[in-house]
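In our numbering, the protein residues as written are 6 to 577.
Report on the following structure.
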């Protein structure tokens, strides 16, 4: 059945209103959450106002056939309901307008309240007693009176709109959905209004408004987070805590973790502990000098990019800088960023000289044959010298010593002339040495004296062929080793270097000789030069290198205008 709804003007406060169906009249009774229908003997005169001008808001509160909580067999016709209450009824709150939006009927369009001053206008159905100001407040939990709204309160000329203001600062901690509370007003006939603490809401995001500049920039193996300093609104700022959670392809959300180990005092952070292809969500909280955290900032989400083989430093290109990054990682320098899956060129879950040679091949475009390496290389240590007998050409050597005294250095021999060589002390008295070539140079198949090992025990030997494939090694007898020469070369040190590099000079012949040392980039740019006069003997020249960037460089030594030696060295 269709039921027309009418309004009983003086009966709003008791929420008992009248319906009409053909020759029958009905009361609409409000029980605190729903409207129900009972027969009435009164004659209707006007349509009813049910607390909102929106049918979609009113309809769920009417227990007719459309409501799953109802046993009714009829459908109530709400098409003629009023969109505002009658001025003939006693005083009630009609609507609350916040910053120009109805906090009920336009809640979806009402922007969240951020830091700043906000306008609250309470509309009543009729003129009110302007000598009595209403109590206006809001809160995130009952009784919704936690935050008073009373700045510069005033009535309009007709006495049916009361306006007050609220200033939100970053020190406040009532972020979230707040329900508006209005009470204690009375109409011009001195009838008190019913308590209003149900219909009107606002979303407060003070922390979110301060974090409008919060961004997450995805990279290869990293996410860079930046935000703005909110000191203007938070005068007791101590620092920041960053939080993170993940969301998978099925929208499953992980636990939230704090990712900074100590309180942050800057507005930038790079998260390297990420997996390419995983979606990460971040927010931060301001820590105050009272050691309390404010509400969360807005949340930003991003997905680190998937890396390509060889791009160890995440620049989207494979170049010599990736080799520097791989070497730095192998020598325990902890480069950042470092994308493990990209550096592991041969996908064997190890980062070693095989990956360096593989990266060189990616840069030079050298394709790896489909056939695997079946050869086995022999090695032998005699009087501190490592000999290697390989059936194939070698493009990379990695040596690890243990039980060293902390002063051990592995010195390359003449067979590695033209290779990039470097070594570094590690943890637990171990030492790692690397030799490889950026130019495609190889150590021809055969038996060679590789390096002098000093003290310590040879614990690992990795050999790479020209295609970055591992050549298995086994200990071997000394057959043929006596025929191998082992002339020492004197490379610059340390290698890799950071703030300085030492260049040994060997001057022969009596008198004074002019020595020139030049450090150039692989693109030909000169970055450091030393000129000096030296007598006969052994000398060491120190070049300061703080101002040059990381990468590979050519070190050229000339004596009396004649080039004597060129080495490749690496800056970390």
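Glycine included, C-beta positions come from ideal geometry on N, C-alpha and C.
Inter-residue CB distance, residue i and residue j (contact presumed, cutoff 8 Å)
i, j, result
"residue 209", "residue 179", "6 Å"
"residue 586", "residue 250", "Since the first residue of the chain shown is 6 and the last is 577, residue 586 is not available in this structure."
"residue 501", "residue 358", "Residue 501 to residue 358, Cβ: 15 Å. No contact."
"residue 522", "residue 548", "7 Å"
"residue 316", "residue 347", "5 Å"
"residue 364", "residue 327", "6 Å"
"residue 435", "residue 409", "7 Å"
"residue 341", "residue 277", "6 Å"
"residue 407", "residue 462", "5 Å"
"residue 60", "residue 68", "Wrong, their Cβ atoms sit about 16 Å apart, outside the cutoff."
Paired residues, beta bridge with residue i - DSSP
i, result
"residue 541", "DSSP, once it has assigned bridges, lists no residue as partnering residue 541."
"residue 160", "167"
"residue 121", "173"
"residue 186", "142"
"residue 276", "228"
"residue 223", "228"
"residue 416", "457"
"residue 74", "Note: residue 74 sits in no beta bridge, so no partner."
"residue 507", "498 and 547"
"residue 197", "191"
"residue 269", "245"
"residue 405", "437 and 465"
Residue i, enclosing beta strand (DSSP E) - first and last residue
i, result
"residue 229", "227-231"
"residue 425", "425-430"
"residue 560", "556-564"
"residue 101", "98-103"
"residue 480", "478-480"
"residue 522", "518-526"
"residue 441", "436-441"
Start-to-end residues for the alpha helix (DSSP H) that takes in residue i
i, result
"residue 307", "From DSSP, residue 307 is part of no alpha helix (DSSP H) but of the beta strand (DSSP E) over 305-307."
"residue 348", "345-348"
"residue 334", "325-335"
"residue 466", "Per DSSP, residue 466 belongs to no alpha helix (DSSP H); it is in the beta strand (DSSP E), 462-469."
"residue 358", "358-369"
"residue 598", "Nothing about residue 598 can be read from this structure; the chain reaches only from 6 to 577."
CA nearest to the CA of residue i, picked from the options
i, options, result
"residue 170", "103, 519 and 385", "103"
"residue 532", "512, 574 and 515", "574"
"residue 119", "463, 96, 182 and 68", "182"
"residue 417", "409, 437, 398 and 410", "437"
"residue 242", "297, 190 and 257", "297"
"residue 282", "224, 262, 291 and 292", "224"
"residue 530", "476, 553 and 545", "553"
"residue 428", "402, 348 and 476", "402"
"residue 195", "443, 507, 230 and 138", "138"
"residue 146", "577, 186, 136 and 285", "186"
"residue 143", "204, 326 and 507", "204"
"residue 136", "161, 212, 108 and 430", "161"
"residue 576", "562, 544, 524 and 545", "524"
"residue 247", "290, 229 and 271", "290"
"residue 234", "481, 216 and 226", "216"
"residue 271", "280, 338, 245 and 406", "245"
"residue 453", "480, 384, 469 and 512", "384"
"residue 469", "168, 440 and 125", "440"
"residue 594", "496, 399 and 106", "Outside the displayed range of the chain (6 to 577) lies residue 594, so it cannot be described from this structure."
"residue 345", "66, 318 and 67", "318"
"residue 198", "292, 229, 265 and 128", "128"
"residue 472", "340, 480, 93 and 397", "397"
"residue 380", "421, 387, 399 and 368", "399"
"residue 307", "324, 286 and 323", "286"
Beta carbon of residue i nearer than 8 Å to that of residue j
i, j, result
"residue 542", "residue 517", "no"
"residue 288", "residue 267", "no"
"residue 404", "residue 336", "no"
"residue 132", "residue 164", "yes"
"residue 305", "residue 220", "yes"
"residue 96", "residue 130", "yes"
"residue 503", "residue 459", "no"
"residue 89", "residue 56", "no"
"residue 382", "residue 476", "yes"
"residue 279", "residue 218", "no"
"residue 228", "residue 116", "no"
"residue 538", "residue 519", "yes"
"residue 231", "residue 202", "no"
"residue 284", "residue 329", "no"
"residue 394", "residue 481", "yes"
"residue 448", "residue 420", "yes"
"residue 101", "residue 92", "no"
"residue 82", "residue 134", "no"
Residue-chain proximity (residue i, chain D), Cβ-Cβ < 8 Å
i, result
"residue 410", "In the structure shown, chain D does not exist; there is a single protein chain."
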